[in-house]
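Residue numbers (mature numbering (1 follows the signal peptide of the UniProt record, and there is no 0)): -22 to -1, 1 to 736.
Built from N, CA and C at the ideal position, the CB exists for glycine as well.
Note that the structure is predicted; figures quoted are calculated from it, not measured.
All remarks here apply to the structure that follows.
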Amino acid sequence: MNNSKPTLSFLVLLFCFAMLVAQEPKSIPQVEELLQKMTLDEKIGQLNLLTPGGGIATGSVVSKNVEAKIKVGQVGGLFGISGPEKMRKAQDLAIQNTRLKIPLLFGSDVIHGYKTTFPIPLGLSCSWNMELIENSARIAATEATADGINWNFSPMVDIARDPRWGRIAEGAGEDPYLGSAIARAIVKGYQGNDLADPKTMLACVKHLALYGASEAGRDYNSVDMSKIKMFNQYLPPYHAAVDAGVTSAMTSFNDIDGIPASGNQWLITDLLRKRWGFEGFVVSDYTSVNEMIAHGLGDLQAVSALALKAGLDMDMVGEGFLTTLKRSVQEGKVSEAEITQACRRILEAKYKLGLFDDPYRYIDPKRPATDILNATHRKTAREAAAQSFVLLKNHNDVLPIQKNAKIALIGPLANNKNNMLGTWAPTGNPQLSFPVLEGFKNAAPNATITYAKGTNISNNPELAKKVNVFGPRIEIDERTPEILLEEALKLAQKSDVVVAVVGEATEMSGEAASRTDLSIPDSQKKLIRALVDIGKPLVLVLMSGRPLTIPEELALPISILQVWHPGVEAGNAIADVVFGDYNPSGKLTATWPRNVGQIPIYHSMKHTGRPAESTEFQKFKSNYLDVPNSPLLPFGYGLSYTAFEYSDLKIDKKEIGLEESVNISVTLKNTGDFDGEEVVQLYLRDVVRSITPPQKTLKGFRKVFLKRGETKTVRLTLNPDDLKFYNSQLEFVSETGEFEVFVGTNSVETQKVSFILN
Ligand code: BGC
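Below, the structure is given as C-alpha cells:
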C-alpha cells in the first residue's frame, strides 16, 4: 500500500485546475453535435420567439404566419398558447417538418399562479413567508407544465420605489434584501432540483435591469442611475436569481447609461455573464430590440446587430434577428460565431428541459384534470391571500367581526369577480374566483348579510375605457350615483357593522397603468364619507395593486384592511381574516407616502448633510413646507388582532472581526387575546463608511407564530456579507467601525444595539 501523502503544492495546483475547469461553462456534446449540422439560417431561426396571439399582446406588433415559420425552422419558441392539444399541434409542426427536428420552447407569463391565481406579487411579498412563496411558485409550475408550458417569464424582481409605476404590483416592493430572498424562493419553486422533471420549468428573471426606476413612474420611461445606487439598491435581486441558478433572463425596455438594456453589452455580457457567472440565455422583452429604433439607435439591422453583439440570444416578437442577421453576417457586421453562441445557449436550455429526449415531455392530456386548480392548490392560494393582507388600522378593535352580526357589505368591489385576480393573470379565469359576498356567506352562514354596490369604481368613462382592455373591470352602472348611494346607506343604517370593499380595479395597476394621482377614486371617497356619517362601525377592505395615498381615510374613525388583489380565493381569504379565522400578519414591503409629492420615499433613504431632527418644520433642514418627511405608513408596517411586546434585545459580541458573524436575540411576547404571527425585522446602519450609508436597511427577518400569552426568544444572525456594500470602486466590501442594529415590528418602531467591526 502506498502511504505517501500528496504535497501541499500539488494540492494547491489541483485546486487551481479544478477552479479553472469549474469556471469554463461545460459544453453539452449533443448540443455541439447538433450545432455542427446547422446552417446559418437554422441557427438564426432558433433565436426567434413568436406569439400567435390569443394571450395578452403587450405591444402593437403580433406575430404573423407563425405556422409557416415554424415549418421552415424559423422559430425557436412560442408563447401565448396553452393546453396539451394546441401544444402538441405546434410541436408537431416543428418535429414533423423541419430538417433537424429541433423542439420548440413554450413560454408564458405565469406571474402569480397559473389557473390557481395567487395574490399579486406585491401582496404575496407582504407575507414575508419564503416557504409559502416558494410553494406558490411550485404550484404555478405544476399547473403550467400540465398545460404544456416549460418556460416561465417570471420572477419579476424589479425594485420599485415609485408607486406611480403600475408594475410595482408585479414585484416584491422596495427592498433589495427581501427582494433577493423572494427571487431565490421563486426560482427554486419553478425550477426545482431537476429541470427535466415534467413538473418543473425554466424560470426567467426579469426585467434586467432597473425597469422599476422609470422616470416619474411612467411605464417604459428612461432610467438614469448612478452605479453606486444600481449595485447597492437595484441589482441585488437579479444577482440573487442568478446565484439561485435561474436559467434565463429578460432584458428591460429602458436604457441604462444611455444604452437600452437589449443592446447593452455592459449589462448582458460584462455584468450578467462575466461578473455574475450567468450561464443561461437572454431573451429580449416584447419587441424591445425593435424599440431601440425609437430610442434613437439606428435602423432594424443596426439595432439587431447591436443586440446580438451585446449578448442577447433571443428576440421576442420583433423578428429583427430573423430578418436582418444573415445580412449582417454577409456584411461583416456580426460573426457567425456570435450567432452560434446565442443558438447554443437556447439549445442548451432545451436540452436541460429534456426536450431532445422527448419533445412531448410536457404534453400529457391526462395532467390538466388533476394538476390544475385542484383543491390543494386552492387551499394554498387561500392561505397565501390571507397572509398577504395588511391590517392598516383597527379602530376600536372592530375586527374581527362576529359571525352572527348584521353586516352591510357595500362597495363596487364587494360582489365583483372581474377584479379579484389582479394584473398580469392572463392564464387565470376571473369567473372562477370567489367574490367577497360569496366568501362572507360561506364563512358566516348565521350572519345577516346585505349587499349594495354603493358606487362605481370610477364614474369616469374615459378611465373605464382605458382599463377595460382585457375585460369589464370598471362597469358603469345605469343607475344614477344618487340612487346607488341611497341604496347602500339604507342597508348601512340597518346593520351592526359596515364592510366597504373599495379601491382600484385590476388594470388600474400593472403594465402601462401608471397613475399620477394615487388616491382612492373620487366616487368611492364620497361613498366612504357618507358611510362614516351613518355612524356605524366601518371596515374598509381596500384593494389595490400599489401603495395608495390615503391620509384622509386613515384619519377617519374606521378600520382598514389592505388586501391588494387577492387572487382566485379572494372572497374566502378576506372572510377568513374579517371573521378572525386567520389573524392578519402581513407587513408592507413598499412605503406608503402621504402624497405623490413625497415620491420616491423608502425606508433606506440617506440622512443627507442636513437631516431634519424633528417632525416640525425646520428652516435650512432637509424637509418640506407642507408635509413631514415621514411616510404615511412605513416599510414593514402591519397590525395584528393581537399585540406583541419586544424586550431584552441582546447581541452576543460587542466587537467582531471581518469574517465573523454576530447573533442577535430578542424576547417576543404575545400580550393580546389572539394567537398570531409576527414578522420580526432587523435593520442595519453602517455608522461611518466611505460612501454615504442609508439611515437603516433591512438585513434580516423572521416570521414567528406565538400562541396567546406565549413568549419566545427570536434569534437572528448577521453574517459577514450582510455588512458589505459596493464601494466607489464597485467592490463588495465591509469597512471597519461601528454598526447599529435595529430590531422591531416595522422599520420605524425598533430597539437598538450596536457593535464594532474590527
Ligand atoms: C412585458 C413582459 C412580458 C412580455 C411577454 C412584455 O410587455 O414587459 O414582462 O413577459 O410582455 O408577455
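Between which two residues does the beta strand (DSSP E) harbouring residue i extend?
{"i": "residue 739", "result": "Outside the displayed range of the chain (-22 to 736) lies residue 739, so it cannot be described from this structure."}
{"i": "residue 582", "result": "Looking at the DSSP string, residue 582 is not in any beta strand (DSSP E), and its letter there is neither H nor E."}
{"i": "residue 640", "result": "640 to 648"}
{"i": "residue 185", "result": "182 to 186"}
{"i": "residue 625", "result": "622 to 629"}
{"i": "residue 386", "result": "384 to 388"}
{"i": "residue 689", "result": "689 to 696"}
{"i": "residue 28", "result": "26 to 28"}
Can you tell which of the options has its C-alpha closest to the C-alpha of residue i?
{"i": "residue 214", "options": "103, 696 and 250", "result": "250"}
{"i": "residue 713", "options": "209, 174, 734 and 220", "result": "734"}
{"i": "residue 595", "options": "603, 588 and 495", "result": "603"}
{"i": "residue 515", "options": "406, 12 and 371", "result": "371"}
{"i": "residue 479", "options": "548, 707, 349 and 676", "result": "548"}
{"i": "residue 513", "options": "503, 527 and 536", "result": "536"}
{"i": "residue 137", "options": "399, 222, 216 and 257", "result": "216"}
{"i": "residue 187", "options": "207, 38, 675 and 223", "result": "207"}
{"i": "residue 393", "options": "441, 564 and 553", "result": "553"}
{"i": "residue 280", "options": "241, 254 and 258", "result": "241"}
{"i": "residue 378", "options": "310, 519 and 261", "result": "519"}
{"i": "residue 209", "options": "706, 396 and 63", "result": "706"}
{"i": "residue 254", "options": "224, 542, 65 and 270", "result": "224"}
{"i": "residue 675", "options": "77, 698 and 726", "result": "726"}
{"i": "residue 165", "options": "666, 119, 142 and 176", "result": "119"}
{"i": "residue 641", "options": "654, 648 and 627", "result": "627"}
{"i": "residue 303", "options": "364, 278 and 704", "result": "278"}
{"i": "residue 686", "options": "650, 614, 5 and 66", "result": "650"}
{"i": "residue 105", "options": "363, 338 and 75", "result": "363"}
{"i": "residue 89", "options": "122, 74, 108 and 673", "result": "122"}
{"i": "residue 679", "options": "693, 561 and 616", "result": "693"}
{"i": "residue 660", "options": "135, 732 and 57", "result": "732"}
{"i": "residue 483", "options": "471, 448, 466 and 341", "result": "448"}
Any beta carbon of chain B sitting closer than 8 Å to that of residue i?
{"i": "residue 650", "result": "Annotation note: the requested chain B is absent from the structure, which comprises a single protein chain."}
Could you tell me if residue i is buried or exposed, where buried requires 16 or more neighbouring beta carbons within 10 angstroms of its beta carbon?
{"i": "residue 670", "result": "exposed"}
{"i": "residue 347", "result": "exposed"}
{"i": "residue 218", "result": "buried"}
{"i": "residue 723", "result": "buried"}
{"i": "residue 194", "result": "exposed"}
{"i": "residue 31", "result": "exposed"}
{"i": "residue 738", "result": "Not covered by the structure: residue 738. The range shown for the chain is -22 to 736."}
{"i": "residue 426", "result": "exposed"}
{"i": "residue 434", "result": "buried"}
{"i": "residue 1", "result": "Bear in mind that a pLDDT of 49 at residue 1, under 50, signals an unreliable position, so the number given afterwards is only what the model happens to contain. So residue 1 counts as exposed."}
{"i": "residue 431", "result": "buried"}
{"i": "residue 235", "result": "exposed"}
{"i": "residue 239", "result": "buried"}
Quick check on the DSSP output: the alpha helix (DSSP H) that includes residue i runs from which residue to which?
{"i": "residue 354", "result": "353 to 366"}
{"i": "residue 732", "result": "Where residue 732 is concerned, there is no enclosing alpha helix (DSSP H), although the beta strand (DSSP E) it sits in stretches over 728 to 735."}
{"i": "residue 549", "result": "548 to 556"}
{"i": "residue 47", "result": "44 to 49"}
{"i": "residue 11", "result": "7 to 15"}
{"i": "residue 348", "result": "345 to 349"}
{"i": "residue 307", "result": "298 to 308"}
Beta strand (DSSP E) runs wholly inside the segment 56 to 138, at least 3 long, in chain order: 83 to 86
Validate contact between the segment 566 to 573 and the segment 603 to 617 using beta carbons, cut 8 Å, 3 pairs: yes
Could you name each continuous beta strand (DSSP E) segment of 3 residues or more that falls completely within the segment 406 to 468, going from the start of the chain to the end? 426 to 430
Is there contact between the segment 69 to 77 and the segment 314 to 330, where contact requires at least three CB pairs shorter than 8 Å? no
Is the segment 13 to 31 touching the segment 306 to 317 in the sense that three or more CB pairs, one from each, lie closer than 8 Å? yes
At least 3 beta-carbon pairs within less than 8 Å: the segment 514 to 525 vs the segment 178 to 190: no
Does the segment 127 to 134 come close enough to the segment 80 to 87 that 3 or more CB-CB pairs lie under 8 Å? yes
Using a strict less-than 5 Å threshold between each residue's beta carbon and the heavy atoms of the ligand NAP, what residues do you get? The model on display carries the ligand BGC but not the ligand NAP.
Run through the segment 506 to 545 for me and flag every whole beta strand (DSSP E) of 3 or more residues, listed as ranges in chain order. 516 to 521 and 537 to 540
Beta strand (DSSP E) segments (min. 3 residues) lying fully within the segment 462 to 502: 475 to 481
Stretch pair the segment 583 to 602 + the segment 148 to 157: three plus CB contacts closer than 8 Å: no
Is the number of C-beta pairs between the segment 482 to 498 and the segment 457 to 467 that are closer than 8 Å three or more? no
Which residue spans inside the segment 215 to 294 form an unbroken beta strand (DSSP E) run of at least 3? 226 to 229 and 259 to 261
Taking 8 Å as the cut-off, does the segment 187 to 206 touch the segment 154 to 167 (at least 3 CB pairs, one atom from each stretch)? no
Can you confirm whether the segment 8 to 17 touches the segment 37 to 48 when touching is taken to mean that 3 or more C-beta pairs between the two stretches lie within less than 8 Å? no
Taking 8 Å as the cut-off, does the segment 259 to 272 touch the segment 224 to 234 (at least 3 CB pairs, one atom from each stretch)? yes
Could you tell me whether the segment 413 to 424 touches the segment 448 to 455, using the rule of 3 or more Cβ pairs below 8 Å? no
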